[in-house]
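Notes for the one structure printed next.
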Amino acid sequence: MEKYPNITVEMMPVGEDYEFETNLLARLEGSVDDNQLPDVFLINRLENLLPYNMLADIGSFFDHDDDAKYMFDSLKDLGLYKGKRYCLPTFVYPEIWIINKDLLASCNSPAPKYDWTWEQMESIAKAVYAARGTEHKIGVFGTEQYYFELPKIMKLKDNPTEGAKWLAYGFDGTKFNFDDLAYINAMAKMEQGLSEGWLVNALDEETLSAYYGSTDDPRYSGQVAIWREPAWSFKNVMADLLFEWDVYPGPSGVTGGNTDIAGVCQLCENKAAAYQLLKWMSFDQEGIITRYALYEEYGNELYMSANNYPYPVSDYGYNARGENLIWDHIPYTETAPGFGAVNFAESLRNGAIKANKEIVAWDFGENTFKDYLASILNGEAHYATLYETIQLAAMQGYNNALAALEESIASHQNN
Numbered sequence: 144m145e146k147y148p149n150i151t152v153e154m155m156p157v158g159e160d161y162e163f164e165t166n167l168l169a170r171l172e173g174s175v176d177d178n179q180l181p182d183v184f185l186i187n188r189l190e191n192l193l194p195y196n197m198l199a200d201i202g203s204f205f206d207h208d209d210d211a212k213y214m215f216d217s218l219k220d221l222g223l224y225k226g227k228r229y230c231l232p233t234f235v236y237p238e239i240w241i242i243n244k245d246l247l248a249s250c251n252s253p254a255p256k257y258d259w260t261w262e263q264m265e266s267i268a269k270a271v272y273a274a275r276g277t278e279h280k281i282g283v284f285g286t287e288q289y290y291f292e293l294p295k296i297m298k299l300k301d302n303p304t305e306g307a308k309w310l311a312y313g314f315d316g317t318k319f320n321f322d323d324l325a326y327i328n329a330m331a332k333m334e335q336g337l338s339e340g341w342l343v344n345a346l347d348e349e350t351l352s353a354y355y356g357s358t359d360d361p362r363y364s365g366q367v368a369i370w371r372e373p374a375w376s377f378k379n380v381m382a383d384l385l386f387e388w389d390v391y392p393g394p395s396g397v398t399g400g401n402t403d404i405a406g407v408c409q410l411c412e413n414k415a416a417a418y419q420l421l422k423w424m425s426f427d428q429e430g431i432i433t434r435y436a437l438y439e440e441y442g443n444e445l446y447m448s449a450n451n452y453p454y455p456v457s458d459y460g461y462n463a464r465g466e467n468l469i470w471d472h473i474p475y476t477e478t479a480p481g482f483g484a485v486n487f488a489e490s491l492r493n494g495a496i497k498a499n500k501e502i503v504a505w506d507f508g509e510n511t512f513k514d515y516l517a518s519i520l521n522g523e524a525h526y527a528t529l530y531e532t533i534q535l536a537a538m539q540g541y542n543n544a545l546a547a548l549e550e551s552i553a554s555h556q557n558n
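Residues in the sequence shown are numbered from 144 upward in steps of one, following our numbering.
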């Protein structure tokens, strides 16, 4: 790190994927021979580590860091618990939108620009369905965008200040908003799209076989005009697609996604230096550019980590030549031009982030919503008749989980 030449970084193997957290706790509790802990490490779920008091509060460093202002507003307040900051996002993994340009062309529907709107997206989908719906061509496949991003888009139009706080599922930092009019209207639009046929949530194997003579995923076999998918998932199929495609940020300036997060160990002897490494892994300009250079050079060797198409968590603006100091370094445009669209910056700044790693008890609210979702998607119920029940149950589960975490923290402190 050129800005921090006196910091030496030693890599400490602890474990892969989900075993990392298990091994980390085993070291903390002294149940294994090697009990050395890393100073900076990735975090699977913040709530899993809070009871063990192993995460340092890095708020004093972040709050006095002049570069913190460059982090996206949608991410700045994540990682806080009871006023203390325990982690920072390292990258954001967007829910990209994929356009089948060949299918659009066959319907005389031009591909949109990267600053497209939700209304344009639906208009294109309807045009494809009108032109080739009898051939079982699908306008939009999948419905998550209607309960992740669209509620925020509608809330931003109605109340920009409140809408700016919303994450996925209408979470505003303290509660879910399943009973807000913006959420109700978004779900009504989803139900309307499903009933009109241009929006399809899923197809079973029997239907796929009847429609297309194959059970292959209709998105990848060229039957779908528009769909939304995590970049880390789409990377596994993009090379095999037999039609022209491009990727887009979310319509109306809001993109969904999730993050990786990392923190500093409470036992670290030099937390100031550890914070600088964490910053380099997070929102630091030099760190982001260097990581992209490494990804470009070693992408084939580090396929799972390097080619997940992560995006920066910050934007440092433009230089005198009009070049974006961060986004012009993103090395994905050879794969598809849309990957480098600067519109991703603004749409992630306004992102509807699924913050289940950072927000304690998030999963309980999300799972409650999903318990009711199936009946809505299959037409057995309407969201307008369920939103009060969903809101009450989601917040009850969320608050119960918070209380359980506090009990766990107290229990560990007393032992």
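We put the CB at the ideal spot given by N, CA and C, even for glycine.
- Separation of the CB atoms of Lys244 and Trp388 is rounded to 6 angstroms, and the pair is thereby assigned contact status at 8 angstroms.
- In terms of Cα proximity to Tyr452, the closest of Ala524, Leu246, Thr402 and Ile242 is Thr402.
- Listed in chain order, the non-local C-beta contacts of Gly396 below 7 angstroms within the same chain comprise Glu489, Ser490 and Asn493, local neighbours out to five positions each way being set aside.
- Tyr475 and Lys300 have their C-alpha atoms some 32 angstroms from each other.
- Annotation for Ile533: the continuous alpha helix (DSSP H) segment containing it runs Tyr526 to Asn557.
- By the Cβ criterion, the segment 312-319 is in contact with the segment 531-541, since at least three pairs of Cβ atoms, one from each stretch, lie closer than 8 angstroms.
- Of all alpha-carbon atoms in Ile469, Met424, Trp240 and Leu198, the one lying nearest the alpha-carbon of Lys227 is that of Leu198.
- Taking a contact to require three or more Cβ pairs closer than 8 angstroms, the segment 499-517 and the segment 412-426 do not qualify as touching.
- Closest in C-alpha terms to Gln179, from the list Asp506, Ile242 and Leu410, comes Leu410.
- Per DSSP, the beta bridge partners of Lys227 are Tyr224.
- Look at the beta carbons and you see the segment 356-365 touching the segment 377-385: at least three pairs across the two are nearer than 8 angstroms.
- Per the DSSP secondary-structure output, Leu198 pairs in a beta bridge with Cys408.
- Closest option to Leu193, judged by alpha-carbon separation, among Ile432, Ile519, Leu171 and Leu247: Leu171.
- Per DSSP, reduced to three states, the secondary structure at Pro394 is helical.
- Cβ atoms of Trp470 and Val456 stay farther apart than 8 angstroms, at about 12 angstroms.
- If you draw a straight line from the Cα of Pro294 to the Cα of Gly508, it comes to about 16 angstroms.
- Assigned with DSSP and collapsed to three states, Asn166 falls in helix.
- Judged by DSSP secondary structure, Trp375 falls within the alpha helix (DSSP H) whose first and last residues are Ala374 to Phe377.
- The alpha-carbon separation between Met214 and Thr165 amounts to approximately 30 angstroms.
- If you check the CB distance, Trp309 and Pro394 do not come in under 9 angstroms.
- Excluding its 5 nearest sequence neighbours in each direction, Phe205 has C-beta neighbours in its own chain below 6 angstroms: Ala211 and Arg228, listed in chain order.
- Taking C-beta atoms as the reference points, Ala524 and Ser518 count as a pair closer than 9 angstroms.
- For Pro294, the secondary structure class from DSSP, reduced to helix, strand or coil, is helix.
- If you look at Leu324, you'll find it in the alpha helix (DSSP H) that goes Leu324 to Glu339.
- Fewer than three beta-carbon pairs drawn from the segment 348-356 and the segment 283-293 are found closer than 8 angstroms, and the two stretches are therefore not classed as touching.
- DSSP places Met214 within a strand segment (E or B) once states are collapsed to three.
- Of the candidates Glu162, Gly460, Leu468 and Ala325, the residue whose Cα lies closest to the Cα of Ile186 is Glu162.
- Out of Ala537, Gly336, Gly430 and Ala274, the CA that lies nearest to the CA of Tyr459 is found in Gly430.
- No Cβ-Cβ contact shorter than 9 angstroms links Lys269 with Trp370.
- In this structure Val271 does not touch Ala417 by the C-beta definition: roughly 52 angstroms separates them, more than the 8 angstroms allowed.
- Ser338 and Gly282 have their C-alpha atoms spaced approximately 13 angstroms apart.
- Your pair Cys230 and Ile404 checks out as a contact, with CB atoms roughly 4 angstroms apart and the cut at 8 angstroms.
- By the Cβ neighbour-count rule, Gly336 is buried, with 16 or more other Cβ atoms within 10 Å of its own.
- Collapsing the DSSP output to three states places Trp309 in coil.
- DSSP, reduced to helix, strand and coil, places Leu516 within a helical segment of the structure shown.
- One thing to note: Val503 has its Cβ within 9 angstroms of the Cβ of Tyr224.
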